[in-house]
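Participant: Residue numbers (my numbering): -2 to 306. Beta carbons: idealized from backbone N, C-alpha and C, even for Gly. Small disclaimer: the values here were computed from a predicted structure and weren't measured. Here it is: the structure, laid out below.
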(Lines of atoms letter the chains of each structure in order from A and count residues from 1; the text may use other names and numbers.)
(Lines give C-alpha, C1' and ligand atoms only; values in the text may rest on other atoms or scores of the structure.)
Protein backbone atom coordinates (compact mmCIF):
# COMPACT_ATOMS: atom_id res chain seq x y z
CA UNK A 1 0.00 0.00 0.00
CA UNK A 2 1.16 3.50 -0.83
CA UNK A 3 2.52 5.30 2.27
CA UNK A 4 0.53 8.35 1.15
CA UNK A 5 -2.77 6.44 1.14
CA UNK A 6 -5.87 8.57 1.80
CA UNK A 7 -7.29 8.79 5.28
CA UNK A 8 -9.92 6.17 6.12
CA UNK A 9 -13.56 7.26 6.18
CA UNK A 10 -14.25 6.26 9.79
CA UNK A 11 -11.73 5.62 12.55
CA UNK A 12 -12.46 4.37 16.04
CA UNK A 13 -10.76 5.91 19.06
CA UNK A 14 -10.94 4.33 22.52
CA UNK A 15 -9.50 6.02 25.62
CA UNK A 16 -10.08 9.75 26.05
CA UNK A 17 -7.73 10.58 28.90
CA UNK A 18 -5.39 13.55 29.18
CA UNK A 19 -3.56 12.42 26.04
CA UNK A 20 -6.32 10.60 24.18
CA UNK A 21 -8.87 13.42 24.14
CA UNK A 22 -6.71 15.98 22.30
CA UNK A 23 -5.40 13.23 19.99
CA UNK A 24 -8.95 12.27 19.00
CA UNK A 25 -9.80 15.96 18.58
CA UNK A 26 -6.87 16.40 16.19
CA UNK A 27 -8.07 13.45 14.10
CA UNK A 28 -11.46 15.10 13.79
CA UNK A 29 -9.81 18.45 13.01
CA UNK A 30 -7.98 16.74 10.14
CA UNK A 31 -11.32 15.81 8.59
CA UNK A 32 -11.43 12.18 9.75
CA UNK A 33 -14.76 10.80 10.95
CA UNK A 34 -13.91 9.72 14.51
CA UNK A 35 -16.20 7.30 16.34
CA UNK A 36 -15.08 7.64 19.95
CA UNK A 37 -15.71 5.64 23.11
CA UNK A 38 -14.65 6.22 26.70
CA UNK A 39 -15.63 4.62 29.98
CA UNK A 40 -16.41 8.04 31.51
CA UNK A 41 -19.10 10.22 29.94
CA UNK A 42 -17.58 13.70 30.55
CA UNK A 43 -14.54 12.98 28.36
CA UNK A 44 -16.79 11.50 25.67
CA UNK A 45 -18.93 14.65 25.72
CA UNK A 46 -15.77 16.72 25.33
CA UNK A 47 -14.75 14.62 22.33
CA UNK A 48 -18.17 15.18 20.75
CA UNK A 49 -17.76 18.93 21.30
CA UNK A 50 -14.41 18.63 19.46
CA UNK A 51 -16.02 17.02 16.41
CA UNK A 52 -16.08 13.28 17.20
CA UNK A 53 -19.14 11.01 17.15
CA UNK A 54 -19.97 9.03 20.31
CA UNK A 55 -20.26 5.26 20.62
CA UNK A 56 -22.04 3.52 23.48
CA UNK A 57 -19.71 0.52 23.55
CA UNK A 58 -16.55 -0.76 21.84
CA UNK A 59 -18.53 -3.32 19.79
CA UNK A 60 -20.34 -0.43 18.11
CA UNK A 61 -16.98 1.04 17.11
CA UNK A 62 -15.86 -2.25 15.57
CA UNK A 63 -19.07 -2.41 13.55
CA UNK A 64 -18.22 0.78 11.66
CA UNK A 65 -14.44 1.36 11.83
CA UNK A 66 -11.85 -0.80 10.09
CA UNK A 67 -9.11 1.04 11.98
CA UNK A 68 -9.41 1.41 15.75
CA UNK A 69 -6.90 3.33 17.85
CA UNK A 70 -6.56 2.80 21.59
CA UNK A 71 -4.92 5.23 24.02
CA UNK A 72 -5.05 3.17 27.20
CA UNK A 73 -2.55 2.69 30.06
CA UNK A 74 -1.47 -0.88 29.28
CA UNK A 75 -2.38 -4.09 27.45
CA UNK A 76 -4.75 -5.40 30.16
CA UNK A 77 -6.97 -2.37 29.44
CA UNK A 78 -6.65 -3.02 25.70
CA UNK A 79 -7.75 -6.62 26.23
CA UNK A 80 -10.74 -5.38 28.25
CA UNK A 81 -12.03 -3.37 25.28
CA UNK A 82 -11.30 -6.26 22.90
CA UNK A 83 -12.98 -9.04 24.84
CA UNK A 84 -16.30 -9.51 26.61
CA UNK A 85 -19.91 -9.08 25.44
CA UNK A 86 -19.42 -5.41 24.53
CA UNK A 87 -15.83 -5.69 23.23
CA UNK A 88 -14.40 -4.93 19.82
CA UNK A 89 -14.40 -8.63 18.96
CA UNK A 90 -18.02 -9.14 20.00
CA UNK A 91 -19.81 -7.67 16.99
CA UNK A 92 -20.81 -10.51 14.62
CA UNK A 93 -20.34 -8.38 11.49
CA UNK A 94 -17.54 -6.16 12.70
CA UNK A 95 -15.28 -4.62 10.07
CA UNK A 96 -12.23 -4.06 12.29
CA UNK A 97 -9.04 -5.11 10.51
CA UNK A 98 -6.34 -2.93 12.09
CA UNK A 99 -5.85 -2.28 15.80
CA UNK A 100 -3.46 0.54 16.71
CA UNK A 101 -2.15 0.36 20.28
CA UNK A 102 -0.90 3.85 21.17
CA UNK A 103 -0.35 3.49 24.91
CA UNK A 104 3.03 2.47 26.31
CA UNK A 105 3.02 -1.33 26.51
CA UNK A 106 5.43 -4.24 26.67
CA UNK A 107 7.14 -4.96 23.31
CA UNK A 108 7.06 -8.68 24.16
CA UNK A 109 3.37 -8.69 25.09
CA UNK A 110 2.17 -6.64 22.11
CA UNK A 111 3.89 -9.10 19.75
CA UNK A 112 1.98 -11.89 21.47
CA UNK A 113 -1.29 -9.98 21.03
CA UNK A 114 -0.54 -9.58 17.33
CA UNK A 115 -0.06 -13.34 17.00
CA UNK A 116 -3.41 -13.93 18.73
CA UNK A 117 -5.33 -11.55 16.48
CA UNK A 118 -3.70 -12.51 13.16
CA UNK A 119 -5.96 -15.59 12.62
CA UNK A 120 -8.96 -13.26 13.03
CA UNK A 121 -7.70 -11.11 10.17
CA UNK A 122 -6.75 -8.22 12.45
CA UNK A 123 -3.34 -6.60 12.11
CA UNK A 124 -1.79 -4.94 15.18
CA UNK A 125 0.27 -1.78 14.93
CA UNK A 126 1.92 -0.58 18.12
CA UNK A 127 2.37 3.19 17.89
CA UNK A 128 3.34 4.69 21.25
CA UNK A 129 3.91 8.41 21.46
CA UNK A 130 6.27 10.86 23.10
CA UNK A 131 5.65 14.55 23.69
CA UNK A 132 3.27 14.65 26.62
CA UNK A 133 -0.03 16.49 26.86
CA UNK A 134 1.46 19.51 25.09
CA UNK A 135 2.45 17.39 22.09
CA UNK A 136 -0.96 15.71 22.05
CA UNK A 137 -2.73 19.07 22.07
CA UNK A 138 -0.47 20.62 19.41
CA UNK A 139 -0.40 17.52 17.15
CA UNK A 140 3.37 17.53 17.51
CA UNK A 141 3.85 14.08 19.00
CA UNK A 142 6.72 11.81 18.07
CA UNK A 143 5.10 8.52 17.06
CA UNK A 144 7.06 5.26 16.90
CA UNK A 145 5.20 2.64 14.86
CA UNK A 146 5.68 -1.11 14.69
CA UNK A 147 3.88 -3.33 12.20
CA UNK A 148 3.94 -4.60 8.65
CA UNK A 149 4.69 -2.06 5.93
CA UNK A 150 1.11 -2.28 4.66
CA UNK A 151 -0.48 -1.94 8.10
CA UNK A 152 1.58 1.10 9.04
CA UNK A 153 0.84 2.69 5.64
CA UNK A 154 -2.87 2.11 6.26
CA UNK A 155 -2.83 4.03 9.52
CA UNK A 156 -0.22 6.67 8.62
CA UNK A 157 -2.80 9.36 7.71
CA UNK A 158 -4.18 9.02 11.25
CA UNK A 159 -0.74 9.16 12.83
CA UNK A 160 0.34 12.22 10.85
CA UNK A 161 -2.80 14.02 12.01
CA UNK A 162 -1.58 13.63 15.59
CA UNK A 163 2.20 13.85 15.31
CA UNK A 164 4.92 15.84 13.62
CA UNK A 165 7.32 12.88 13.59
CA UNK A 166 6.01 9.49 12.48
CA UNK A 167 8.41 6.65 11.79
CA UNK A 168 7.97 2.94 11.20
CA UNK A 169 10.58 1.29 13.42
CA UNK A 170 10.03 -2.29 12.24
CA UNK A 171 7.49 -5.06 12.75
CA UNK A 172 4.99 -5.21 15.61
CA UNK A 173 6.73 -4.58 18.92
CA UNK A 174 9.38 -2.31 17.42
CA UNK A 175 7.42 0.83 18.23
CA UNK A 176 7.09 -0.21 21.86
CA UNK A 177 10.78 -1.09 22.04
CA UNK A 178 11.62 2.40 20.75
CA UNK A 179 9.30 3.88 23.39
CA UNK A 180 11.03 1.81 26.08
CA UNK A 181 14.33 3.33 24.94
CA UNK A 182 12.72 6.77 25.10
CA UNK A 183 11.46 6.18 28.64
CA UNK A 184 14.88 4.96 29.73
CA UNK A 185 16.39 8.26 28.57
CA UNK A 186 13.60 10.27 30.23
CA UNK A 187 13.92 8.43 33.55
CA UNK A 188 17.71 8.49 33.54
CA UNK A 189 17.70 12.22 32.79
CA UNK A 190 15.19 12.88 35.56
CA UNK A 191 17.34 11.04 38.09
CA UNK A 192 20.46 12.89 36.91
CA UNK A 193 18.68 16.24 37.23
CA UNK A 194 17.38 15.34 40.67
CA UNK A 195 20.86 14.33 41.83
CA UNK A 196 22.30 17.55 40.40
CA UNK A 197 19.73 19.63 42.29
CA UNK A 198 20.41 17.71 45.50
CA UNK A 199 24.18 18.05 45.15
CA UNK A 200 23.91 21.73 44.33
CA UNK A 201 21.56 22.69 47.15
CA UNK A 202 23.62 20.79 49.73
CA UNK A 203 26.52 22.95 48.57
CA UNK A 204 24.52 26.15 48.89
CA UNK A 205 23.21 26.59 45.33
CA UNK A 206 19.65 27.68 44.65
CA UNK A 207 17.89 24.99 42.56
CA UNK A 208 16.25 27.54 40.24
CA UNK A 209 19.60 29.23 39.49
CA UNK A 210 21.34 25.91 38.93
CA UNK A 211 18.66 24.63 36.56
CA UNK A 212 18.71 27.88 34.58
CA UNK A 213 22.45 27.53 34.04
CA UNK A 214 22.10 23.86 33.05
CA UNK A 215 19.37 24.77 30.57
CA UNK A 216 21.73 27.18 28.83
CA UNK A 217 24.47 24.63 28.18
CA UNK A 218 25.13 21.10 27.02
CA UNK A 219 23.02 19.68 29.86
CA UNK A 220 19.90 21.22 28.35
CA UNK A 221 17.15 18.82 27.29
CA UNK A 222 13.42 18.64 26.67
CA UNK A 223 13.13 16.81 29.99
CA UNK A 224 14.77 19.76 31.75
CA UNK A 225 12.49 22.19 29.93
CA UNK A 226 9.31 20.38 30.94
CA UNK A 227 10.39 19.53 34.49
CA UNK A 228 12.22 22.79 35.33
CA UNK A 229 9.41 24.19 37.49
CA UNK A 230 8.78 20.91 39.31
CA UNK A 231 12.43 20.56 40.28
CA UNK A 232 13.04 24.24 41.04
CA UNK A 233 9.96 24.68 43.21
CA UNK A 234 9.56 21.19 44.64
CA UNK A 235 6.02 21.15 43.27
CA UNK A 236 5.27 17.57 42.26
CA UNK A 237 1.71 18.05 41.06
CA UNK A 238 1.50 15.34 38.42
CA UNK A 239 1.84 15.97 34.72
CA UNK A 240 3.14 12.40 34.30
CA UNK A 241 2.67 10.12 37.34
CA UNK A 242 5.79 8.39 38.65
CA UNK A 243 4.06 5.00 38.76
CA UNK A 244 3.55 5.09 34.99
CA UNK A 245 7.27 5.64 34.51
CA UNK A 246 7.95 2.70 36.83
CA UNK A 247 5.67 0.57 34.64
CA UNK A 248 7.59 1.70 31.57
CA UNK A 249 10.93 0.91 33.18
CA UNK A 250 9.62 -2.60 33.79
CA UNK A 251 9.22 -2.90 30.02
CA UNK A 252 12.82 -1.73 29.61
CA UNK A 253 14.06 -4.47 31.95
CA UNK A 254 11.82 -7.10 30.32
CA UNK A 255 13.15 -6.15 26.89
CA UNK A 256 16.72 -6.28 28.18
CA UNK A 257 16.09 -9.80 29.50
CA UNK A 258 14.43 -10.80 26.23
CA UNK A 259 17.46 -9.64 24.21
CA UNK A 260 20.08 -10.69 26.79
CA UNK A 261 21.42 -7.16 27.25
CA UNK A 262 22.88 -5.86 30.53
CA UNK A 263 21.59 -2.36 31.38
CA UNK A 264 23.08 -1.33 34.74
CA UNK A 265 21.75 2.25 34.63
CA UNK A 266 18.25 1.01 33.84
CA UNK A 267 18.29 -1.34 36.82
CA UNK A 268 19.41 1.46 39.16
CA UNK A 269 16.85 3.95 37.87
CA UNK A 270 14.06 1.36 38.01
CA UNK A 271 15.05 0.62 41.61
CA UNK A 272 14.70 4.30 42.51
CA UNK A 273 11.25 4.53 40.95
CA UNK A 274 10.22 1.33 42.70
CA UNK A 275 11.19 3.06 45.94
CA UNK A 276 9.18 6.13 44.91
CA UNK A 277 6.11 3.92 44.52
CA UNK A 278 6.80 1.99 47.73
CA UNK A 279 6.92 5.28 49.65
CA UNK A 280 3.44 6.20 48.44
CA UNK A 281 4.64 8.82 45.95
CA UNK A 282 3.68 7.00 42.76
CA UNK A 283 0.73 9.26 41.92
CA UNK A 284 2.89 12.39 42.06
CA UNK A 285 4.89 13.78 39.15
CA UNK A 286 7.74 11.59 37.95
CA UNK A 287 10.18 14.31 39.04
CA UNK A 288 9.27 13.39 42.65
CA UNK A 289 12.37 11.19 42.62
CA UNK A 290 14.04 14.41 43.90
CA UNK A 291 11.96 14.20 47.09
CA UNK A 292 12.98 10.56 47.52
CA UNK A 293 16.66 11.48 47.23
CA UNK A 294 16.27 14.40 49.63
CA UNK A 295 14.87 11.98 52.19
CA UNK A 296 17.76 9.58 51.64
CA UNK A 297 15.43 6.67 50.87
CA UNK A 298 17.08 3.55 49.40
CA UNK A 299 16.15 2.09 46.04
CA UNK A 300 14.22 -1.16 45.77
CA UNK A 301 14.28 -4.13 43.46
CA UNK A 302 11.62 -3.25 40.85
CA UNK A 303 10.88 -6.91 40.22
CA UNK A 304 9.59 -7.23 43.79
CA UNK A 305 7.32 -4.19 43.67
CA UNK A 306 3.68 -4.11 42.61
CA UNK A 307 2.64 -0.95 40.79
CA UNK A 308 -0.85 0.46 41.09
CA UNK A 309 -1.85 0.23 37.44
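Let's see if you can read the secondary structure: which residues bound the alpha helix (DSSP H) around residue 263?
Facilitator: 261 to 275 is the span of the alpha helix (DSSP H), which, as asked, contains residue 263.
Participant: Is there contact between the segment 214 to 222 and the segment 230 to 241, where contact requires at least three CB pairs shorter than 8 Å?
Facilitator: No, they do not touch.
Participant: Taking the Cβ atom as the reference point for each residue, do residue 100 and residue 131 lie within a distance shorter than 8 Å?
Facilitator: In this structure, residue 131 does not lie closer than 8 Å to residue 100 by Cβ.
Participant: Can you give me the C-alpha to C-alpha distance between residue 155 and residue 24, rounded to a whole angstrom?
Facilitator: Their backbone Cα atoms lie some 7 Å apart in a straight line.
Participant: Using the C-alpha atoms, what's the distance from residue 225 back to residue 63?
Facilitator: Answer to the nearest angstrom: the Cα atoms are 42 Å apart.
Participant: Roughly how many whole angstroms lie between the Cα atoms of residue 297 and residue 30?
Facilitator: Distance between the alpha carbons of residue 297 and residue 30: 47 Å.
Participant: Would you kindly check if the distance between the Cβ of residue 261 and the Cβ of residue 228 is under 8 Å?
Facilitator: No. Outside cutoff.
Participant: Whole angstroms is fine: what's the gap from residue 243's alpha carbon to residue 9's?
Facilitator: Cα-Cα distance, rounded: 29 Å.
Participant: Between 220, 35, 139, which has its C-alpha nearest residue 14's C-alpha?
Facilitator: The shortest C-alpha separation from residue 14 is found at 35.
Participant: Could you pull out every unbroken beta strand (DSSP E) segment of at least 3 residues lying fully inside the segment 55 to 130, listed in chain order?
Facilitator: With a minimum length of 3 residues, the continuous beta strand (DSSP E) runs that stay inside the segment 55 to 130 are 64 to 67, 95 to 98, 120 to 123.
Participant: Just the Cα atoms here: how many angstroms apart are residue 208 and residue 112?
Facilitator: For residue 208 and residue 112, the distance between alpha carbons rounds to 47 Å.
Participant: According to DSSP, is residue 7 part of a helix, a strand, or is it coil?
Facilitator: In this structure, residue 7 counts as strand in the three-state DSSP scheme.
Participant: Hey, out of 249, 140, 85, 276, whose CA is closest to residue 60's CA?
Facilitator: The residue with the shortest Cα to Cα distance from residue 60 is 85.
Participant: Can you give the beta carbon distance from residue 270 to residue 184, rounded, assuming they're within the 8 Å contact cut?
Facilitator: Indeed they touch by this definition, with Cβ atoms about 7 Å apart.
Participant: Which value, in whole angstroms, describes the spacing of the CA atoms of residue 307 and residue 276?
Facilitator: Look at the range of the chain in this structure, -2 to 306, and you will see that residue 307 is not part of it.
Participant: With 16 other CB atoms within 10 Å as the buried threshold, where does residue 57 fall?
Facilitator: The residue is buried, with at least 16 neighbouring Cβ atoms inside 10 Å.
Participant: At the level of alpha carbons, what is the spacing between residue 202 and residue 141?
Facilitator: Their Cα atoms are separated by approximately 39 Å.
Participant: Over the uninterrupted alpha helix (DSSP H) stretch that includes residue 16, give me the two end residues.
Facilitator: From DSSP, residue 16 is part of no alpha helix (DSSP H); its letter is neither H nor E.
Participant: Going along the chain, which residues of its own chain have a beta-carbon closer than 8 Å to the beta-carbon of residue 94, five neighbours each way excluded?
Facilitator: Same-chain partners within the cutoff: 63, 64, 118, 119, 120.
Participant: What did DSSP end up calling residue 232 once you bin it into helix, strand or coil?
Facilitator: Looking at residue 232 - three-state DSSP - the assignment turns out to be coil, as it is neither helix nor strand.
Participant: Please state whether the Cβ-Cβ distance between residue 287 and residue 191 is less than 8 Å.
Facilitator: Yes. Within cutoff.
Participant: Classify residue 6: buried if its beta carbon has 16 or more other beta carbons within 10 angstroms, exposed otherwise.
Facilitator: Result: exposed.
Participant: State the DSSP-derived secondary structure class of residue 161, mapped to helix, strand or coil.
Facilitator: In the structure shown, residue 161 sits in a strand (DSSP, three-state: E or B).
Participant: Can you look up residue 30 in the DSSP assignment and give me helix, strand or coil?
Facilitator: Three-state result, residue 30: strand.
Participant: Since residue 128 and residue 69 are thought to touch, with beta carbons under 8 Å apart, how far apart are those beta carbons, to the nearest angstrom?
Facilitator: So it is not a contact: roughly 18 Å between Cβ atoms.
Participant: From the DSSP output, read off the bridge partner residues of residue 200.
Facilitator: Per DSSP, none; premise fails for residue 200.
Participant: In terms of residue numbering, what span does the beta strand (DSSP E) encompassing residue 142 cover?
Facilitator: That run of the beta strand (DSSP E) goes 138 to 143.
Participant: Quick check on DSSP: helix, strand or coil for residue 168?
Facilitator: Reduced to three states, the DSSP call for residue 168 is coil.
Participant: Return the Cβ separation of residue 278 and residue 195 in integer angstroms, given the expectation that the two are a contact with Cβ distance under 8 Å.
Facilitator: In fact, because the Cβ distance is near 16 Å, the residues do not count as touching under 8 Å.
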